[in-house]
């Protein structure tokens with residue numbers, strides 16, 4: 083597969099997952115702030131922007147400012163609209179690989195972004211973010227139904243899984259960084275779409291220990307961090323050619339990305355729930371660094387690396 087096509091599919095997976103997860107986070111947290119009159123709105127908004135990796139400005143520390151910067155800013159790929167626009171642009175460059183249904187879904191979603199402000203004015207933010215989640219789910223379903231399970235599919239799922247680890251870690255970071263405006267575990271579970279599944283798993287028992295265990299360690303829930311790490315690892319293993327009998331097949335694992343993911347998965351899988359709660363902040367910060375390092379390692383190994391051209395005076399063509 084051409085490296086530019088692989089890179090486009092990888093980033094389609096990341097951007098679509100980022101748009102959906104950001105819409106989930108904003109929807110649940112804004113709804114909670116509107117319902118709870120005792121919530122410190124400015125502190126909650128500052129915390130949310132900080133966790134999502136955006137600098138906090140005076141106009142941004144309010145509900146309209148958060149919706150603008152994390153929801154409607156087309157110039158930033160950290161926002162819902164910016165991520166969807168970037169996903170569509172990557173799909174436009176990989177038209178020969180994505181199915182016609184996937185392209186139509188992304189293109190129709192992109193065309194619908196022009197009316198985002200009107201949707202919010204007429205129906206409210208909840209209705210708009212529900213529309214975003216539905217469009218992302220349609221695209222995921224079309225990818226699942228129309229793509230061959232070849233290298234293109236592996237890069238798409240790899241990007242989605244890496245982004246899911248990063249976004250879930252950022253969401254959980256709101257619990258450890260927000261100070262007095264820490265959202266409840268119920269809010270966190272709803273943000274991940276995990277509330278009903280959690281209730282069935284733990285038979286209605288809501289506790290810090292069980293919630294942390296479910297969102298970080300549950301192997302059967304696809305949005306848990308451990309499940310996403312396992313899927314990303316399996317994608318990398320399939321992308322690598324089978325190791326031969328020589329030295330390369332006898333020493334550790336094949337790539338830096340596999341080593342980084344393997345260490346993170348092992349460290350997480352063999353921690354108890356109590357240890358996770360005690361060290362939640364450092365664990366989540368480590369997972370965010372892991373995603374950044376994996377992204378760099380994947381880019382260096384699989385994607386096109388273009389060196390700068392240095393012109394020399396007097397050079398003859």
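Numbering (this note's numbering), first residue to last: 83 to 399.
For every residue, glycine included, the Cβ atom is placed at its ideal position computed from N, Cα and C.
Rounded to whole angstroms, residue 173 and residue 348 show a C-alpha spacing of 34 Å. Classified as buried, residue 90 has 16 or more neighbouring CB atoms from the shown chains inside 10 Å of its CB. By the Cβ neighbour-count rule, residue 352 is exposed, with fewer than 16 other Cβ atoms within 10 Å of its own. Counting along the chain, residue 130 sits inside the alpha helix (DSSP H) bounded by residues 123-133.
Less than 9 Å separates the beta-carbon of residue 87 from that of residue 179. Distance from the CA of residue 295 to the CA of residue 138, rounded to the nearest whole angstrom, comes to 31 Å. Here residue 376 has 244, 314, 339, 342, 343 as same chain residues with Cβ atoms under 8 Å from its own Cβ, once five neighbours each way along the sequence are excluded. The beta carbon of residue 350 is closer than 6 Å to those of 308 in its chain, skipping five residues each way along the sequence. In this structure, the straight-line span from the alpha carbon of residue 107 to that of residue 274 is close to 8 Å. The beta carbons of residue 165 and residue 101 sit closer together than 9 Å. Secondary structure at residue 302: coil, using DSSP grouped into helix, strand and coil. Where residue 346 is concerned, the enclosing alpha helix (DSSP H) starts and stops at 338-351.
For residue 312, the enclosing alpha helix (DSSP H) starts and ends at 307-321. Going by C-alpha positions, residue 291 is about 12 Å away from residue 280. Taking all protein chains shown into account, residue 104 has 16 or more neighbouring C-beta atoms within 10 Å of its C-beta and is therefore buried.
Here the alpha carbons of residue 115 and residue 299 stand approximately 28 Å from one another. Within the stretch 154-216, there are no complete beta strand (DSSP E) runs of at least 3 residues. When the Cα atoms are used, residue 255 and residue 234 turn out to be separated by approximately 32 Å.
Within the same chain, 109, 113 come within 7 Å of residue 208 by CB-CB distance, once the 5 residues on both sides are set aside. Distance from residue 217 to residue 191 at the Cβ level is roughly 4 Å; contact confirmed, criterion being Cβ atoms closer than 8 Å.
Closest in C-alpha terms to residue 239, from the list 319, 271, 285, comes 319. With respect to residue 99, residue 194 sits apart: the two C-beta atoms are not nearer than 9 Å. Burial check for residue 196: the Cβ neighbour count within 10 Å stays below 16, so the residue is exposed. For residue 235, the secondary structure class from DSSP, reduced to helix, strand or coil, is helix.
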